[in-house]
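>
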Amino acid sequence: MQSLVKQNDNDSLADKLASKIRRKLQAKPFRDGDIFMTEAQVATEFDVSRTIVREAVSRLRALGILEGRQGKGLVARRPDLIRLISESVPSLAGSEDDFRELIDLRYVLEVGGIELVVANATPAQIDKLESIATKFAEAVKSDMETAKQIQWDLQFHTLLLEMTHSTLVSGLNKVLARFFESHAVRNLSSNDLSSKSARKKQESTAKQHFELVSAIRARDVERSRCAITTHIHCYLRHHALVNQPVESQLAEAVD
Numbered sequence: 001m002q003s004l005v006k007q008n009d010n011d012s013l014a015d016k017l018a019s020k021i022r023r024k025l026q027a028k029p030f031r032d033g034d035i036f037m038t039e040a041q042v043a044t045e046f047d048v049s050r051t052i053v054r055e056a057v058s059r060l061r062a063l064g065i066l067e068g069r070q071g072k073g074l075v076a077r078r079p080d081l082i083r084l085i086s087e088s089v090p091s092l093a094g095s096e097d098d099f100r101e102l103i104d105l106r107y108v109l110e111v112g113g114i115e116l117v118v119a120n121a122t123p124a125q126i127d128k129l130e131s132i133a134t135k136f137a138e139a140v141k142s143d144m145e146t147a148k149q150i151q152w153d154l155q156f157h158t159l160l161l162e163m164t165h166s167t168l169v170s171g172l173n174k175v176l177a178r179f180f181e182s183h184a185v186r187n188l189s190s191n192d193l194s195s196k197s198a199r200k201k202q203e204s205t206a207k208q209h210f211e212l213v214s215a216i217r218a219r220d221v222e223r224s225r226c227a228i229t230t231h232i233h234c235y236l237r238h239h240a241l242v243n244q245p246v247e248s249q250l251a252e253a254v255d
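Written out as structure tokens, the structure is:
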């Protein structure tokens with residue numbers, strides 16, 4: 001019992017120290033690669049043991065804020081937000097409510113990002129997006145395996161938000177798109193309520209891709225927003241449907 005209490009006390013002290021170090025890093029601020037302090041200097045300045053310092057540093061290292069370098073001490077790092085999110089997303093879908101939260105997040109990203117896409121997309125990117133849309137449509141028409149169709153669809157959505165030219169928007173969307181792709185691949189048998197309904201959904205998706213490309217090429221923000229809203233709503237509604245019990249899927253399919 002005493003050892004457990006001591007561990008809890010250490011965890012609390014380490015958390016508090018980590019917060020103090022983070023505030024100190026943000027106050028200056030330190031640039032990526034700048035030398036911060038040594039562990040000994042941290043222990044002296046904040047009047048804590050080296051054990052507490054190491055535990056606090058371990059927490060900040062996990063966040064990508066600090067890095068230890070032999071002979072130099074602690075080095076300030078610029079955290080990679082996309083990497084942190086990428087490692088966390090699979091653990092954020094532990095329940096149906098969590099899964100729907102991710103669906104909502106992706107909806108907001110794609111619909112909210114479309115204005116940046118229309119404003120910033122290069123002609124070459126639009127041509128490439130149309131090429132991917134064509135390959136997806138051909139895959140559907142030739143009844144290519146569903147996994148391949150999913151891959152083309154992933155490429156379409158990944159490129160779409162790369163066209164925002166926002167590193168954070170495109171990076172976060174890529175993480176979510178890959179998550180939904182892996183979810184769809186794992187549930188291939190559930191995706192297809194029947195070959196006829198599956199084919200109809202994919203043909204509709206192909207048409208929506210082309211409409212979106214056309215709207216972006218025309219630099220028409222409202223038309224593009226309408227196209228992506230319709231498309232992503234159908235797309236993510238299907239993913240939500242896959243996550244439901246079979247009885248619910250059949251009820252939705254009849255609607």
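Read the sequence shown against UniProt numbering and you will find it ends at 255, with the numbers running on by one and no gaps.
All residues carry an ideal CB built from backbone N, CA and C; glycine is no exception.
Quick one: is T44 buried, meaning 16 or more other Cβ sit within 10 Å of its Cβ, or exposed?
As a position in the sequence shown, residue 44 is number 44, starting the count at 1. Counting Cβ neighbours within 10 Å, T44 comes out exposed, since fewer than 16 surround it.
> State buried or exposed for H233, treating a residue as buried only when at least 16 other CB atoms are found within 10 Å of its CB.
Taking the first residue of the sequence shown as position 1, residue 233 is located at position 233. So H233 counts as exposed.
> Note down, in chain order, each residue of its chain lying with its Cβ closer than 8 Å to the Cβ of Q41, except the 5 sequence neighbours on either side.
The residue given as residue 41 occupies position 41 in the sequence shown. Hits under 8 Å: G73.
> Could you give the distance in angstroms between the alpha-carbon of S197 and the alpha-carbon of Y107?
Here residue 197 refers to the residue found at position 197 when the sequence shown is read from its first residue. Here residue 107 refers to the residue found at position 107 when the sequence shown is read from its first residue. The alpha-carbon atoms of S197 and Y107 are separated by roughly 23 Å.
> The beta strand (DSSP E) with G73 in it runs from where to where?
Looking up residue 73 in the sequence shown gives position 73. Counting along the chain, the beta strand (DSSP E) containing G73 begins and ends at G73 to A76.
> Give the C-beta separation of T205 and D153 to the nearest angstrom, bearing in mind that I take them to be a contact with Cβ-Cβ under 8 Å.
Residue 205 sits at position 205 when you count from the first residue of the sequence shown. Residue 153 sits at position 153 when you count from the first residue of the sequence shown. Yes, T205 and D153 are in contact; Cβ-Cβ is about 7 Å, under 8 Å.
> With DSSP run on the structure shown, which of helix, strand or coil describes V242?
Position 242 of the sequence shown, counted from the start, is the residue given in the question as residue 242. Note that V242 scores a pLDDT of 44, beneath 50, so its modelled location is shaky; the value from the coordinates is reported in the next line. In this structure, V242 counts as helix in the three-state DSSP scheme.
> Between T167 and A27, what straight-line distance do the alpha-carbon atoms span, to the nearest angstrom?
The residue given as residue 167 occupies position 167 in the sequence shown. The residue given as residue 27 occupies position 27 in the sequence shown. Taking the straight line from one Cα to the other gives about 25 Å.
> Are there 16 or more other CB atoms within 10 angstroms of the CB of L160, so buried, or fewer, so exposed?
For the purposes of this step, residue 160 is taken as the residue at position 160 of the sequence shown. Buried.
> Taking buried to mean at least 16 other C-beta atoms within 10 Å of its own C-beta, is S91 buried or exposed?
Taking the sequence shown and counting its residues from 1, one reaches residue 91 at position 91. The residue is exposed, with fewer than 16 neighbouring Cβ atoms inside 10 Å.
> What's the gap between the Cα of D97 and the Cα of D104?
As a working mapping, residue 97 is identified with position 97 in the sequence shown. As a working mapping, residue 104 is identified with position 104 in the sequence shown. If I take the Cα positions, the gap works out to 11 Å.
> Which ranges would you report for the alpha helix (DSSP H) in the region 121–156 if only whole runs of at least 4 residues count?
123–141
> Taking the straight line between their C-alpha atoms, what separation do you get for H231 and L60?
Residue numbering aside, residue 231 sits at position 231 when the sequence shown is read from its first letter. Residue numbering aside, residue 60 sits at position 60 when the sequence shown is read from its first letter. Using only the alpha carbons, I get a separation of about 40 Å.
> Identify, in the order they occur along the chain, each residue of the same chain with its Cβ nearer than 7 Å to the Cβ of E203, setting aside the five sequence neighbours on each side.
Here residue 203 corresponds to residue number 203 of the sequence shown, with the count starting at 1. The answer, listed in chain order, is V140.
> Compare the Cα-Cα distances from D47 to each of L63, V175 and L13 and report the closest residue.
The count along the sequence shown starts at 1 and reaches residue 47 at position 47. The option with the nearest alpha carbon to D47 is L13.
> Starting from the N-terminal side, write out each stretch of the alpha helix (DSSP H) that is 4 residues or longer and does not extend beyond the region 48–72.
Qualifying alpha helix (DSSP H) stretches, in chain order: 50–62.
> Excluding sequence positions up to five away, which residues of its chain have a Cβ less than 8 Å from the Cβ of S19?
What you label residue 19 is simply residue 19 of the sequence shown in a count that begins at 1. Excluding residues within five positions, none has a Cβ falling inside 8 Å.
> With a threshold of 16 other CB atoms inside 10 Å of the CB of E110, please say whether the residue is buried or exposed.
The sequence position of residue 110 within the sequence shown is 110, counting from 1. That one is buried.
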